[in-house]
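Working notes, structure below.
Residue numbers (the working numbering), protein chains in the order written: chain F, 3 to 116; chain W, 101 to 212.
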C-alpha cells in the first residue's frame, strides 16, 4: 500500500480565515513533505519533516505553519493567506531522506483564497 | 546545483503511436532519477525510477534508461492509449540536497 491521504480535497477561504490541511500515511515512512503546485507548473517544495522534526523550510512565509503531531500525520496551518496562495497543496512521504528513496504523493488539496 | 530539462509540450499523438519524452539532467555525483505522472485533477504518481547508471525503470509499458554518459533519462512507450493523457514530470534527487528537482512537465494528449 503506497497511499497518502489528504483532506479536504477542496478548500475556499477568505484572507482573514484560519484553516488547516491534513495529510496521513500508514506506510511507516519517517519523512513527510509539503509542496505547493501552481497551474501548469511543477511542484515546489515548502517543508520537509524527518522523524517528526522540521528539516527544511524553503523560506516559506510565516502565514504557512507546518506541524507533525506524530509519524503518520502532517498538518499545514493556514492564516491570513493572500489570493496568490491559491494552488494545489500536495503532501508526500518517503521511507527516509536517502537519494534513492521514492516520494509518494497524495491527491492534494485544491485551495482557493478569496 | 541540480537541474532537469525536459521536452516541453504539448505533445499530441494518436492512439497506438510511439512516445518519447526527452529528459536531460545536471547533477553532481550519482543522482536517482524519476518519472512522475499527473492525471487531470490529481496528485503525482510515481511512474518509474532508476537509481544507478544503466538501470532501466519500467512500468505499465513505459520505460526509461539511466544514461550517465549522456546525462539523460528519456521516457518511452511503444503504443500509447487515450488513458495515458496526462502531464509527465522528470525529476532527480542527488548530491547533498535531498530535494526532488523537477522538470517543467510535458503535457501529453492522446487522441482516439
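Don't be surprised by glycine CBs; every beta carbon is placed ideally from N, CA and C.
- Residue pairing by DSSP places residue 112 of chain F opposite F/12, F/90 in a beta bridge.
- For the segment 129-196 of chain W, the continuous beta strand (DSSP E) assignments of 3+ residues that do not extend past its boundaries occur at 132-138, 144-150, 156-159, 162-165, 175-177, 186-194, in sequence order.
- Approximately 5 Å separates the beta-carbon atoms of residue 133 of chain W and residue 166 of chain W; this is inside 8 Å, confirming the contact.
- Looking at the DSSP output, residue 211 of chain W bridges to W/114.
- Rounded to whole angstroms, the separation of the alpha carbons of residue 177 of chain W and residue 118 of chain W is 6 Å.
- Here DSSP, grouped into helix, strand and coil, assigns residue 71 of chain F to strand.
- Look at the segment 154-167 of chain W: it has no residue with a C-beta under 7 Å from a C-beta of chain F.
- Between residue 68 of chain F and residue 80 of chain F, the beta carbon gap of about 11 Å keeps them out of contact (Cβ cut-off 8 Å).
- A direct Cα-to-Cα measurement between residue 35 of chain F and residue 49 of chain F gives close to 6 Å.
- Cβ contact annotation for residue 112 of chain W (same chain, cutoff 6 Å, sequence separation greater than five): 209, in chain order.
- The shortest CA-to-CA distance from residue 58 of chain F to any of W/158, W/198, W/105, W/130 is the one to W/198.
- For residue 27 of chain F, no CB of chain W lies under 8 Å from its own CB, so it is not counted at the interface with that chain.
- Interface residue (Cβ-Cβ distance to chain W less than 8 Å): residue 92 of chain F is classified as such.
- A residue is called buried once 16 or more other Cβ atoms fall within 10 Å of its Cβ, and residue 95 of chain F is buried on that count.
- Contact annotation: in the segment 127-157 of chain W, residues whose CB is within less than 9 Å of a CB in chain F are 129, 130, 131, 132, 134, 136, 138, 141, 142, 143, 144, 145, 146, 149, 151, 152.
- Scanning its chain for C-beta atoms nearer than 8 Å, with the 5 sequence neighbours on each side dropped, one finds around residue 144 of chain W the residues 136, 137, 138, 189, in chain order.
- Around residue 202 of chain W, the beta-carbon contacts reaching into chain F at under 7 Å are 44, 45.
- Interface flag for residue 189 of chain W against chain F is set, since a Cβ pair is found closer than 8 Å.
- Note that the C-beta distance between residue 37 of chain F and residue 76 of chain F is not below 8 Å.
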